[in-house]
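Shown next, in structure tokens, is the structure this report addresses.
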Amino acid sequence: MTNIEAAINKLHLLSQYEITDSLEENAPIITERANDKHAIANQIQALFTEGKIHQNCDWAAHMTTTISTDSLVGQLLSSHHNGNLLSPELYPTLNRIKQQTLDWLCQLFEQSHGHFTSGASYGNLEALWQAKQQYPNRDTIFAAKTAHYSIDKASQILGLKVQYIATDSDDKIDLAQLRRACELNSPLAIIATAGTSASGAFDPIDECIQIAQDVDAWCHIDAAWGGYLKLLPEHRALFGHQLAHANSLCFDPHKAWAQPKPASILLYQQPASPMMSIEADYLHHQPDSKLPGSQGGQAFLPLWFTLISSGVESLRCNSRHALGQAQLFTEFLAEQTQWPIFRSPSGIVCFETEEKLTSLIQQGVISTAQRNNRTVYRTVFIGNHIKAKALIEKLQPYF
Ligand SMILES: Cc1ncc(COP(=O)(O)O)c(C=O)c1O
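Under this note's numbering, think of the first position of the sequence shown as 3, with each following residue one higher.
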């Protein structure tokens, strides 16, 4: 029996225990001895129930969705294999699969090198670390006010400053302001966000890349959320024609591609330069040009298995379903209310109303965000389960 089979058997056996309601009293504790099986079964059940929220057709609060069976198979394979690609020579099969998946992603995003990471926060940090190596005498990053907060965190870690650039009425970076800021001070890096976390807006990618080139600065594209649109020919234009000239780009398959977390990539136009000279003499390959250390297949096996088992087209189908529901939702809301509505190209729809929608926030139906300096309600269209009609039904009592 493989350890995958043993794990599934154990889950199956535990699921046969009677579930009691008093979960709080019965919660397993961390102790020297194994807990009572009923208590464990109860807790597993509670986790299943909690995770089911992502299957609700009116779940639109955040960028998390339920993962597919293919991805789950990939995740099990990764846990079963458990190799460490710090020693790729020991795991030729896993390493080949990693390279195959990476090559496909590099081609999609017009970059030439890269690696998997544990989330775009790490990707943004590492990209700026590389930028700092290239421009050691500069210390300021230019980013729109709408850039993800991980840019700010990264700049603090690296001892850099962020200069925030105003946004236009569509929540995109104001190019005139960006140019003016560049005339006054040469930035270390310019960040262009392809799908902002709050409202899904796309900064003008070509223009940001061009401005960075004009002032000889690094250009990093944070496509953590909106990167999935690059796979859809009808939305590719959002990425312009100069993407191959961006210095780096990060994308999170664990968002719109519904992969298990953490699954993220950081891609570079040029090979990343070594960032330290310390030698790990027990390794054949020095991990000196990237942030991650130990890594198995968790960041790519679920995606790879999805791609080989259901095909690239399956990702497109899921994305088109969610985007179609975003459009329907916008239409329904416009027909039935006078509320101001803002539909972004990347499947986030925001709206304003005087009504207090606190209970819908608590249920995970919607969230709030800042858009154009105003607090708005936000819906994120992701995954196969989401249905515009179900969301409208939840909102109807407030119309
Ligand atoms: C645009 C953008 N960048 C970066 C991140 C950070 O990604 P992660 O949570 O994978 O670190 C997010 C997360 O929502 C995001 O939307």
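All C-beta atoms in this analysis are idealised placements derived from N, C-alpha and C, irrespective of residue type, glycine included.
Please read these numbers as outputs of a predicted model, since none were measured by experiment.
Contact under 7 angstroms by Cβ, residue i with residue j
i           : j           : result
residue 1   : residue 251 : No answer is possible for residue 1: it lies beyond the span of the chain, which begins at 3 and ends at 401.
residue 121 : residue 264 : yes
residue 83  : residue 6   : no
residue 162 : residue 213 : no
residue 267 : residue 244 : no
residue 170 : residue 396 : no
residue 172 : residue 203 : yes
residue 189 : residue 142 : yes
residue 21  : residue 45  : no
residue 349 : residue 371 : no
residue 80  : residue 298 : yes
residue 230 : residue 316 : no
Terminal residues of the alpha helix (DSSP H) in which residue i lies
i           : result
residue 178 : 177-186
residue 165 : That residue, residue 165, is in no alpha helix (DSSP H); its beta strand (DSSP E) goes 163-167.
residue 390 : 390-397
residue 14  : 5-17
residue 159 : 151-160
Sequence-distant residues of its chain with Cβ nearer than 8 angstroms to residue i (five each side left out)
i           : result
residue 64  : 366, 369 and 382
residue 275 : 132, 135, 136 and 291
residue 2   : In the structure as shown, the chain starts at 3 and stops at 401, and residue 2 therefore has no counterpart that could be examined.
residue 2   : Residue 2 lies beyond the range of the chain shown here (3 to 401); nothing can be said about it.
residue 215 : 221 and 247
residue 160 : 127, 130, 131 and 134
residue 104 : 116, 117, 118, 267 and 302
Extent of the continuous beta strand (DSSP E) run through residue i
i           : result
residue 251 : 250-253
residue 201 : Note, residue 201: premise wrong, no beta strand (DSSP E); not H, not E.
residue 135 : Note, residue 135: premise wrong, no beta strand (DSSP E); alpha helix (DSSP H) at 122-136.
residue 143 : 142-146
residue 216 : Run containing residue 216: none in the beta strand (DSSP E); it sits in the alpha helix (DSSP H), 207-216.
residue 224 : 220-224
residue 379 : 376-382
residue 118 : 115-119
Residues near residue i in its chain [Cβ-Cβ closer than 7 angstroms; skip 5 each side]
i           : result
residue 62  : 367, 368, 381, 382, 383, 388 and 393
residue 72  : 307, 308, 311 and 312
residue 19  : 39, 40 and 43
residue 261 : 69, 73, 255, 304 and 305
residue 357 : 400
residue 277 : 131, 135, 290 and 291
residue 140 : 188, 189 and 190
residue 1   : Outside the shown range of the chain, which is 3 to 401, sits residue 1, and nothing can be said about it.
Cβ neighbours of residue i in the same chain (closer than 6 angstroms, five flanking residues each side left out)
i           : result
residue 76  : 303, 304 and 307
residue 157 : 143 and 164
residue 242 : 207 and 208
Fully enclosed by the segment 20-94, which alpha helix (DSSP H) runs are 4 residues long or longer?
Segments of the alpha helix (DSSP H) lying fully in the segment 20-94: 25-28, 39-53 and 71-83.
- Message: Quick test of the definition: if touching needs 3 or more C-beta pairs under 8 angstroms, does the segment 237-249 touch the segment 107-121?
- Response: Result yes; three or more Cβ-Cβ pairs closer than 8 angstroms.
#### Entry: Given 8 angstroms, three or more beta-carbon pairs between the segment 180-195 and the segment 142-157
Because the criterion of three Cβ pairs below 8 angstroms is met, the segment 180-195 and the segment 142-157 touch.
Counting pairs of Cβ atoms below 8 angstroms between the segment 216-225 and the segment 81-96, do you hit three or more?
-> no
Item to complete: Could you tell me whether the segment 351-359 touches the segment 326-340, where touching means 3 or more Cβ pairs closer than 8 angstroms?
Response: yes
Is it a yes or a no for the segment 372-379 touching the segment 46-54, going by three-plus beta-carbon pairs under 8 angstroms?
no
* Quick one: which unbroken alpha helix (DSSP H) runs of 4-plus residues sit fully inside the segment 234-280? Chain order, please. => none
Give the list of continuous alpha helix (DSSP H) stretches no shorter than 4 residues that lie fully inside the segment 292-369. 303-312, 314-338 and 360-364
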